[in-house]
Amino acid sequence: MKRVLMSAAAVTALMAGTATAQDLIFPVGEGAFNWDSYAELEKIDLNGEQVTVFGPWLGPDQELVENVLAYFAAATGADVRYAGSDSFEQQIVVDAEAGSAPNVAVFPQPGLVSDMAKRGFVTPLGDETANWVRDNYAAGQSWVDLGTFSGPDGNDGLFGLFYKVDVKSLVWYNPENFEDFGYDVPQSMEELKTLSEQMVADGNTPWCIGLGSGGATGWPATDWVEDMMLRTQEPAVYDKWVSNEIKFDDPAVVGAIEEFGWFARNDDFVSGGAGAVASTDFRDSPKGLFSSPPQCMMHRQASFIPAFFPEGTEMGLDADFFYFPAYEGKELGNPVLGAGTIWSITNDSTGARALMEFLKSPIAHEVWMAQQGFLTPLKSVNTDLYATDTLKKMGEILLSADTFRFDASDLMPGGVGAGSFWTGMVDYAGGKPAAEVAAEIQSSWDALK
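Under mature numbering (1 follows the signal peptide of the UniProt record, and there is no 0), read the sequence shown as residues -21 to -1, 1 to 428, first letter to last.
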């Protein structure tokens, strides 16, 4: 066994090679799953072959991924072993350099895949898989772009398949408050801005915004700016910003920062006034939706934020969400900002190739969909299988996307994406001009080169 799988703290052996259909969380043939895709897997004979998978999930998430991998094991006869670690990013590099990498690695973000692909530690998936992604994922070209990197020979190729996605382009609200004041969910950014102004005219505060997060204070504002970049610029401009081909102080980026400021730097628009934005903890900021009278009407945040709603909050009744809309007049479609895990082959084998094929099958997505905490851009899944109406609605936003882009700050150098970008947004929320903030962030990036 590979050394990474020998770590007592991280290892779980999924003895799925001996699993049967009766051992699976959802019995084969029952329910509205795509069992035809499972039957196709049964044509693959991997009896006795060990397939190792290393990823970032521990605890309950580890159990969820193991439940999925069990279907691959039961259908093919493979002995699938999953190991999770909270130090995945460091450990996978160590193992690759030592020649003891797992067959498949689950990367939390594509930046590390890019680095390892250049060093020859990741196996390209080929044009056939790239074409499959393009045809079968909503906003398929976006997913191809996000998984395409340069290999050691300098040639570009698809080096990973995105599986399990998170959505950030969401606005949360209390349906009862909207009903009380006769507010409709806006369908465009123009309508969202008009609604914000109407709320102020009615004596209400449109937004709760908080940037506080301990040593990571400022990161919620980076998501706002990223969403605004996607709503004011072509995806190619966003990509060049991420790579610094377009500088941080470019007018396109400064404009996106000022778009955030339209909401966050207006005392009438934000609970507690603009001066409270930087000091309010992001975990506390949505609570104003549920106070009586409400302290705010809307809160823009990612799919995880209900974890910080008051205890007993019932989704769909006490809280709901809508897509953070695009500008109708800019004709940029429906862009979605998010994140996700990318699965790559780091130790090529027949079993590794077969596992990647499994991830392309509807059943691999539907099994996790029917549990919890999973979204997919795969168009052929049965969305009725989502475990909750909330997940189903998020999944439909993902399937309606014309463009998907990964969180920019996660792709930038750490000193910028998890440093000067954060602090710069705090400075901007505090009143510093956007152009000055952007120039300082660019200077910090230049200093890293």
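For every residue, glycine included, the Cβ atom is placed at its ideal position computed from N, Cα and C.
Where does Val73 land, buried or exposed, given buried means 16+ other C-beta within 10 angstroms?
-> exposed
Which same chain residues end up closer than 8 Å to residue 435 when comparing Cβ atoms and leaving out the 5 residues on each side of it in sequence? With the chain covering -21 to 428 only, the question about residue 435 has no answer from this structure.
(message) Just to check my reading of the structure: Gly330 and Glu28 have Cβ atoms closer than 8 Å, yes? What is that Cβ distance to the nearest angstrom?
(response) 5 Å
My understanding is that Pro214 touches Arg384, with C-beta atoms under 8 Å, so please give their C-beta distance in whole angstroms.
6 Å
| message | Buried or exposed, going by whether 16 or more other CB atoms sit within 10 Å of the CB of Glu238? | response | buried
When Asp15, Ala418, Asp2 and Phe5 are compared against Ile225, the one with the closest alpha-carbon: Ala418
Counting Cβ pairs closer than 8 Å, one from the stretch 58 to 73 and one from the stretch 22 to 37, do we hit at least three?
yes
Alpha helix (DSSP H) segment containing Phe51, residue limits: Gly38 to Thr55
* Asked: Helix, strand or coil for Met404 per DSSP?
  -> helix
| field | Alpha-carbon to alpha-carbon, Gly78 and Phe287 | value | 42 Å
Q: Name the residue from Glu176, Ala54 and Asn361 whose alpha carbon lies nearest to the alpha carbon of Met276.
A: Glu176
(Q) Given a cut-off of 8 Å on the beta-carbon distance, is the pair Val221 and Leu334 in contact? (A) no
Item checked: 7 Å CB neighbourhood of Pro265 in its chain, flanking five on each side removed -> Trp151, Cys187, His278, Gln280, Ile284, Phe287 and Phe288
Checklist entry - Looking only at its own chain, which residues have a Cβ that is under 8 Å from the Cβ of Lys372, when we skip the five neighbours before and after it? => result Phe300
* **Reduced DSSP secondary structure (H/G/I, E/B, other) of residue 441** => This structure cannot settle anything about residue 441, because the visible part of the chain is limited to -21 through 428.
Next on the checklist: Can you find the residues in the same chain that come closer than 6 Å, C-beta to C-beta, to Ser328, ignoring five residues on each side of it along the sequence?
Outcome noted: Asn82
Proximity to Glu293 [Cα-Cα], best of Arg210, Glu307, Ala52 and Phe269 = Phe269
* When the Cβ atoms of the stretch 101 to 110 are set against those of the stretch 343 to 360, are three or more pairs found closer than 8 Å? -> no
Practice problem: Let me know the secondary structure DSSP gives Pro89 once reduced to three states. | Solution: helix
Practice problem: Closer than 8 Å by C-beta to Arg98: which residues in its own chain qualify, once you throw out the five before and the five after it? Chain order, please. | Solution: Ala75 and Pro131
Let me know the alpha helix (DSSP H) ranges lying completely inside the stretch 178 to 231, each 4 residues or longer, listed in chain order.
198 to 211 and 214 to 222
(request) To the nearest angstrom, report how far apart Leu137 and Phe67 are at their CA atoms. (result) 22 Å
Exercise for review: Look up Pro314 in the DSSP assignment and give the residues it is bridged to.
Suggested key: Thr382
ask   = Does the stretch 301 to 308 come close enough to the stretch 162 to 169 to have 3 or more Cβ pairs within less than 8 Å?
value = yes
Exercise for review: Please confirm whether Leu209 and Thr382 have their CB atoms less than 8 Å apart.
Suggested key: yes
Segments assigned alpha helix (DSSP H), at least 4 residues, entirely inside the stretch 348 to 398: 368 to 378 and 387 to 390
(message) Quick check on Ala(-6): buried or exposed, where buried means 16 or more other Cβ atoms within 10 Å of its Cβ?
(response) Summary for Ala(-6): the model assigns pLDDT 40, below 50, so the residue's position carries little reliability; its value from the coordinates is reported in the next sentence. Ala(-6) is buried by the Cβ-count criterion.
Query - Reduced DSSP secondary structure (H/G/I, E/B, other) of Ala(-6) - result: At Ala(-6), the pLDDT of 40 sits below 50, so the modelled position is not reliable; the number obtained from the coordinates is stated separately. It is helical.
*For Leu125, the three-state DSSP class (helix, strand or coil)*: helix
Mapping the DSSP letters down to three states, classify Met335 as helix, strand or coil. helix
For Arg279, which of helix, strand or coil comes out of DSSP?
strand
Among residues of its own chain, excluding the 5 on either side of Asn223, which ones have a beta-carbon nearer than 7 Å to its beta-carbon? Trp424
Quick check on the DSSP output: the beta strand (DSSP E) that includes Val59 runs from which residue to which? Asp58 to Gly63
Need the endpoints of the beta strand (DSSP E) that Val32 sits in, please.
Gln29 to Gly34
Note to self: For a test of your reading of the model: does the CB of Phe67 fall under 7 Å from any non-hydrogen atom of the ligand COA? Yes or no.
What the structure shows: The ligand COA is not part of this structure, which contains no ligands at all.
field: Option in Leu43, Gly194 and Val204 with minimal Cα separation from Leu316
entry: Val204
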